[in-house]
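Remarks on the structure that follows.
In the UniProt record's numbering, the protein residues as written are 1 to 112.
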């Protein structure tokens, strides 16, 4: 086995830093989902941007990247579930405010 070169160490460090950034973004979303009121209307200030000059992912970082992807997918699924629940609640609330789903004209006969 050959000793790692400076380029291979820089490559691994660059990928580690990229995964660190991505993991922090996932953690921010998970934290927001755990605390429903926190950051409810404030989007992240610095969304993660994928680096373009890293090359292939080092094999030893594959398990970490897979774990981050699993967390991202779980967070995205939870966001979709909450958006659906929110839409359902809004639809129910709009019916409650009017008393019925469709507004109909009302006629009163005062002749009697």
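By construction, the Cβ of each residue, glycine as well, lies at the ideal position given by its N, Cα and C atoms.
Predicted model only: the values in this text are computed from it and were never measured.
- Of the residues assessed, residue 22 falls on the buried side of the cut-off, its CB having 16 or more other CB atoms within 10 angstroms.
- When only Cα atoms are considered, residue 50 and residue 95 end up about 44 Å apart.
- Note that the C-beta distance between residue 78 and residue 33 is below 8 Å.
- The three-state secondary structure of residue 48, taken from DSSP, is coil.
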